[in-house]
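Here's the structure we're looking at; comments come further down.
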Amino acid sequence: MSSCLTSEQRKIIDENRQRALQKLAEKKAQLSPRPTPSHSVKPPSSPSVTSSRSVSQSNYVSKTQTIYKDGRMLPQKTNSFANSSHHKTFKSTPKKAIEAKFILESPSRFLVDVIFNQGLIDLFKTMETKQYDAVTRKWSFSLQEYHKLVKQARVLEPEVKVVPLPSFIVQIFAHKMKTQQQPSSSSSPTKSAIDLSIIDKCLLESLMPFQLEGVKISIERRGRILLADEMGLGKTLQAISVACYYRNEWPLLIVVPSSVRFDWAQQFRRWVPSLDPQEINVALKGKDSGVSGMVNILSYDLMSKKSNELLTKKFKIVIMDESHFLKNFKSARTKAALPILQNATRVILLTGTPALSRPSELFTQIVGVLRPINFTEYGLRYCDGKKNAWGWDFSGYSNMAELQVFMEEKVMVRRMKKDVLSQLPSKRRQAVLLNPNAIKTDASMKKVSALVEKSTSAERRNLLFQYFQETASAKCSAVCDYITDRVEAGQKFLVFAHHCVMMDAIENHIKNKCKVEYIRIDGKTTSQQRKFYCDQFQKYEDIQLAILSICAANAGLNLTAASLVIFAELFWNPGILVQAEDRVHRIGQMDSVNIHYLVATGTADDFIW
């Protein structure tokens, strides 16, 4: 048969046989164990993050590199980078710059907040005024070396990112940053050189030492000041004293909450006898003139309506009481007030609540006292400014220690009662637990109480307000019993309440049971009536009791004839309660002040107290 095959056919059969044998050998080889190579193949090393040199393809797996497989050398799969048709250059990831933040530490020194950097440390050691705090691990320097250090630190960029002081801080403290201190060209007198004899003698002699110090500081700062003493420390008298020092620059504009307009007028009549009472102008309505007197007193709302008239008058001296009313720079009253303040030569702002924990609310008062400041720069520095999808968020706080140094040195005077305790009477608080049997709880109140305990946060607020209202009714009888005991003791006192049902119950009880003279001030009481009632209470011993609304009568009233304050109800905001307490705990109070909070268990008081 083979002789019948042509040579070409035999060649094809032989080739097929060889291919079959080769396939069989490969199949057997795949089923046999893989031999271990005599050396390991390591993956290519990553490029150094600190090197800026380019890394070529040869640093990676090359096309000709081989590995062992089945005892034979086979080409390794090429790396995708090696297959690239373009020669790529990899640069190292740059180090993130360390931040060196310059912070005002005191009126004469600044510190640098930064992590360890040898270049900066070497630079710090060359400064003449250097000081190192081993506890905080921070370096501080005199302001005289500020510009020098900033300039030399910037040589280390980009490794070091220099965050300097805000531009307005640099400008305000520029005189302290001069390398050679020169005599100030300021026309403001030093405290030792201030002559206060121009102030009425009765007013000057009535000032306590800390008040006199506040007056001198205000004059030293050229009559532009934020008096932020704690409530009850006599900011009104200090403001009047400063205004009298600059009397040759009158007429005077005073903007106050509407409820205390007449009280301010009365203070001028009492403490400035050299002033003709006819020269005191209290504007009550829009048709009344706001500029006709030597002393012009009007409310914030009236100021907004009369802003053009007031600007035209160009008052040189302006007092604004409760200046935290200006905290919202978008409000009509703030927009009206700022031009008036910035055009005045002397600005005296008064507030007992300067909102130091909310720097954004301080900004308008700061620019009212000082020249204009860029709000974005201020907000980024002190309000922890952050940009979001809707714009900037300046609701936070940051660098508060620096802000306080700046405020105390250039803007604000603030003393707390504890700081001048030796000059003030003491105040004691006491929680008085009411007789539980006298608390008139009903099924509805118990149901609300149970719901409050089980409620979610979303429901809880509304339920608590309902519970608060029902608590007032439940406590009425017990509160009236307690008041009866106080009346019988013959003591003059104040009673604060929030709900009308409580105030009405107390008033009816006094009329029908106790039968003593009293006054009542609530949200319906006009400014004129408030002044009249307060004067009567202060003057006449037989008016034994004042029934007052917590919200409507917590500020602007002087009721120091009493030395006992009773809170028939509690309130959600402790600050409001403290303000109410200070209707008695004020300058002029000669007795120890006792404050009694009437608390009923099993009521909303359990959640509020």
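Take the sequence shown: its position 70, counted from the start at 1, is 69 in numbering that gives the first Met the number 0, and no numbers get skipped. We put the beta carbon where it would ideally sit given N, CA and C, even for glycine.
Is the Cβ-Cβ distance between residue i and residue j less than 8 Å?
{"i": "Val214", "j": "Ile253", "result": "no"}
{"i": "Pro272", "j": "Asp199", "result": "yes"}
{"i": "Leu597", "j": "Phe566", "result": "yes"}
{"i": "Gly289", "j": "Leu301", "result": "yes"}
{"i": "Trp249", "j": "Ile318", "result": "no"}
{"i": "Arg380", "j": "Pro165", "result": "yes"}
{"i": "Gln143", "j": "Lys177", "result": "yes"}
{"i": "Tyr245", "j": "Arg136", "result": "no"}
{"i": "Leu148", "j": "Met126", "result": "yes"}
{"i": "Ala551", "j": "Ile520", "result": "yes"}
{"i": "Val583", "j": "Val577", "result": "no"}
{"i": "Lys150", "j": "Trp138", "result": "no"}
{"i": "Gln490", "j": "Leu433", "result": "no"}
{"i": "Leu119", "j": "Val113", "result": "yes"}
{"i": "Val410", "j": "Leu369", "result": "yes"}
{"i": "Glu568", "j": "Ala471", "result": "yes"}
{"i": "Ser105", "j": "Val404", "result": "yes"}
{"i": "Leu226", "j": "Val412", "result": "yes"}
{"i": "Thr333", "j": "Thr363", "result": "yes"}
{"i": "Cys382", "j": "Gly367", "result": "no"}
{"i": "Val241", "j": "Ile365", "result": "no"}
So if DSSP puts residue i in a beta bridge, which residue, or which two residues, is it bridged to?
{"i": "Met411", "result": "Leu225"}
{"i": "Lys22", "result": "DSSP, once it has assigned bridges, lists no residue as partnering Lys22."}
{"i": "Tyr517", "result": "Leu544"}
{"i": "Ile113", "result": "Just to set this straight, residue 113 is Val in the shown sequence, not Ile. Looking at the DSSP assignment, Val113 forms no beta bridge with any residue, so it has no partner."}
{"i": "His595", "result": "Gln429, Ile565"}
{"i": "Glu98", "result": "Lys160"}
{"i": "Asp670", "result": "Nothing can be reported for residue 670: it is not among the residues displayed for the chain, which extend from 0 to 608."}
{"i": "Ile253", "result": "Ile296, Ile318"}
{"i": "Tyr131", "result": "Trp138"}
{"i": "Ala496", "result": "Ser548"}
{"i": "Arg108", "result": "Ser141"}
For residue i, which option in the options has the closest C-alpha, if you only look at C-alpha atoms?
{"i": "Glu407", "options": "Ser217, Thr440, Ser476, Asn557", "result": "Ser217"}
{"i": "Leu309", "options": "Asn342, Asn327, Val486, Lys129", "result": "Asn342"}
{"i": "Ala430", "options": "Ala579, His595, Gly222, Ala19", "result": "His595"}
{"i": "Arg269", "options": "Asp484, Cys201, Asp383, Gln210", "result": "Cys201"}
{"i": "Leu203", "options": "Ser472, Val494, Gln237, Ile171", "result": "Gln237"}
{"i": "Ala603", "options": "Glu506, Gln537, Asn461, Phe536", "result": "Asn461"}
{"i": "Glu469", "options": "Ala554, Lys439, Pro106", "result": "Lys439"}
{"i": "Ile625", "options": "Val111, Glu278, Ala477, Leu103", "result": "Here the chain comprises residues numbered 0 to 608, so residue 625 is not present and cannot be evaluated."}
{"i": "Gly384", "options": "Pro371, Asn398, Ser139", "result": "Asn398"}
{"i": "Lys510", "options": "Ala133, Ile482, Arg153", "result": "Ile482"}
{"i": "Gln537", "options": "Leu558, His508, Gln210", "result": "Leu558"}
{"i": "Glu158", "options": "Val241, Lys95, Gly489, Ala437", "result": "Lys95"}
{"i": "Leu556", "options": "Gln266, Glu360, Asn116", "result": "Gln266"}
{"i": "Phe167", "options": "Leu122, Ile120, Thr311, Asn373", "result": "Asn373"}
{"i": "Ser107", "options": "Phe328, Arg428, Ala133, Lys175", "result": "Lys175"}
{"i": "Gly233", "options": "Leu206, Pro573, Ser257, Phe140", "result": "Leu206"}
{"i": "Ala599", "options": "Gln535, Ala437, Ile505", "result": "Ala437"}
{"i": "Lys512", "options": "Lys523, Val494, Lys284, Asp480", "result": "Asp480"}
{"i": "Arg609", "options": "Gln527, Thr363, Phe495, Asp581", "result": "This structure leaves residue 609 out entirely; the chain is present only between 0 and 608."}
{"i": "Lys286", "options": "Lys305, Arg332, Glu278, Pro276", "result": "Lys305"}
{"i": "Ser421", "options": "Ile11, Gln170, Asn553, Phe209", "result": "Phe209"}
{"i": "Val169", "options": "His146, Ala152, Val161, Arg153", "result": "His146"}
{"i": "Ala173", "options": "Ala133, Leu103, Ser394", "result": "Leu103"}
{"i": "Gln528", "options": "Cys382, Glu516, Asp262, Ile365", "result": "Asp262"}
{"i": "Glu516", "options": "Thr524, Asn507, Ser298, Glu229", "result": "Asn507"}
{"i": "Ile575", "options": "Glu401, Arg585, Ile549", "result": "Ile549"}
{"i": "Ile390", "options": "Ile279, Ile12, Val255, Gly378", "result": "Rather than Ile, the amino acid found at residue 390 in this sequence is Gly. Out of Ile279, Ile12, Val255, Gly378, Gly378 has the C-alpha closest to the C-alpha of Gly390."}
{"i": "Gly601", "options": "Tyr466, Asp484, Ala579, Ala561", "result": "Tyr466"}
{"i": "Thr235", "options": "Lys22, Arg220, Val255", "result": "Val255"}
{"i": "His535", "options": "Ala560, Lys417, Arg220, Ala496", "result": "Here residue 535 turns out to be Gln, not His, going by the sequence shown. Looking at the Cα atoms, Ala560 is the closest of the given residues."}
{"i": "Pro371", "options": "Pro573, Glu7, Ile171, Ala496", "result": "Ile171"}
Using a Cβ-Cβ distance cut-off of 8 Å, determine whether residue i contacts chain C.
{"i": "Glu219", "result": "Looking for chain C here will not work: only one protein chain is present."}
Could you pull out every unbroken beta strand (DSSP E) segment of at least 3 residues lying fully inside the region 278-351, listed in chain order?
Fully enclosed beta strand (DSSP E) runs of 3 or longer: 279-281, 294-298, 316-319, 345-349.
> Counting pairs of Cβ atoms below 8 Å between the region 339-357 and the region 315-327, do you hit three or more?
Replying inline: Output reads yes: the region 315-327 touches the region 339-357.
For the region 288-304 against the region 355-368, do three or more pairs of beta-carbon atoms, one drawn from each stretch, fall closer than 8 Å, so that the two count as touching? Contact fails: fewer than three Cβ-Cβ distances are below 8 Å.
Check whether the region 469-482 touches the region 498-506, taking contact to mean three or more Cβ pairs, one atom from each stretch, closer than 8 Å.
Touching, yes.
Check your understanding: How about the region 541-561 and the region 330-339: do they share at least three Cβ pairs that are nearer than 8 Å?
Key -> Under the three-pair Cβ rule at 8 Å, the region 541-561 does not count as touching the region 330-339.
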